[in-house]
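First comes the structure, then the notes that go with it.
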Amino acid sequence: MVEIAVGSIIEDQKVLLHDDNITTLKNLLGDKNFLVVYFYPRDNTPGCTKEACSIRDNFDDIKKKANIVGVSSDSAKSHVKFINKYSLPFSLISDSGLNLTKTFGAYGKKRTGGMGLIRSTFVLDKDLKIQSIFGLKGFPKVTTNAHADEILNVL
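Taking our numbering, the leading residue of the sequence shown gets 155, the next gets one more, and so forth.
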């Protein structure tokens, strides 16, 4: 597993969005000071849905300071269904090869056991330098139903 810490710089890379468009992390940052990248295991599962809806319900407040994007290994088609079902106002990245997930160190031994995508969140600045981390070992745990509040507290 890649060792990631606050202060680590993430290399910009191409990503596949739910709408089949390819973009980069820098493009997702746009004109904001921060980009929030949150990794979640699977569309339409209880914890992941709570987390996405928490972010949706606080999206206007988050958007004032940052752009936000969700990442899982689900297909773009699955992401579109998830977005439509829960009226999510933000983009989702399809990381089927887990390349982005591994870049962030968000693949490894899960707290619940086994290997897989680790529910985690990273706040990046304009230089793609990590300012805050949630969910990885040694960092605060992600609280799915209140994660937007956790994000807002560090922005």
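From the three backbone atoms N, C-alpha and C, an ideal C-beta is built for every residue, glycine too.
Could you tell me which residues DSSP puts in a beta bridge with Lys-256?
Counted from its first residue, the sequence shown places residue 256 at position 102. DSSP, once it has assigned bridges, lists no residue as partnering Lys-256.
Three-way DSSP call (helix, strand, coil) for Ile-176 in this model:
Numbered from 1 along the sequence shown, position 22 holds the residue referred to as residue 176. Three-state DSSP puts Ile-176 in a strand.
Separation of Gly-268 from Asp-211, as counted between CA atoms:
Position 57 of the sequence shown, counted from the first residue, corresponds to residue 211. Position 114 of the sequence shown, counted from the first residue, corresponds to residue 268. The alpha-carbon of Asp-211 is positioned some 31 Å away from that of Gly-268.
Where Asn-221 falls, given that 16 or more other Cβ within 10 Å makes a residue buried
Within the sequence shown, numbered from 1, the residue matching residue 221 stands at position 67. That one is buried.
Do you know offhand how far Thr-199's Cα is from Asp-249's?
Here residue 199 refers to the residue found at position 45 when the sequence shown is read from its first residue. Here residue 249 refers to the residue found at position 95 when the sequence shown is read from its first residue. Going from the Cα of Thr-199 to the Cα of Asp-249 covers about 17 Å.
First through last residue of the alpha helix (DSSP H) which encompasses Tyr-261:
Translated into positions along the sequence shown, residue 261 becomes position 107. Where Tyr-261 is concerned, there is no enclosing alpha helix (DSSP H), although the beta strand (DSSP E) it sits in stretches over 261-263.
Three-state secondary structure (DSSP) of Tyr-194:
As a first step, residue 194 must be located in the sequence shown, where it is residue number 40. If DSSP states are grouped into helix, strand and coil, Tyr-194 belongs with coil.
On the DSSP bridge list, what partners appear for Leu-246?
Reading the sequence shown from its first residue, position 92 is the one you call residue 246. For Leu-246, the pairing in a beta bridge is given by DSSP as Gly-224.
Mapping DSSP to helix, strand and coil, what is Lys-219?
Locating residue 219 in the sequence shown gives position 65, counting from the first residue. Residue state, collapsed to three classes: coil.
So who's on the other strand from Val-169, going by DSSP bridges?
Against the sequence shown, residue 169 aligns to sequence position 15. Residue pairing of Val-169 in beta bridges, as defined by DSSP: Thr-177.
To the nearest whole angstrom, what separates the beta carbons of Leu-306 and Ile-209, a pair I think is in contact under 8 Å?
The residue you call residue 306 lines up with position 152 of the sequence shown. The residue you call residue 209 lines up with position 55 of the sequence shown. Wrong, their Cβ atoms sit about 10 Å apart, outside the cutoff.
Exposure label - Arg-265; buried when at least 16 CB within 10 Å:
Counting from one through the sequence shown, the residue named residue 265 turns up at place 111. When all chains shown are included, Arg-265 counts as exposed.
Have a look at Lys-231, Lys-295, Phe-276, Thr-257 and flag the residue whose alpha-carbon is nearest the alpha-carbon of Leu-246.
The sequence position of residue 246 within the sequence shown is 92, counting from 1. Nearest neighbour of Leu-246 by Cα position, chosen from Lys-231, Lys-295, Phe-276, Thr-257, turns out to be Lys-231.
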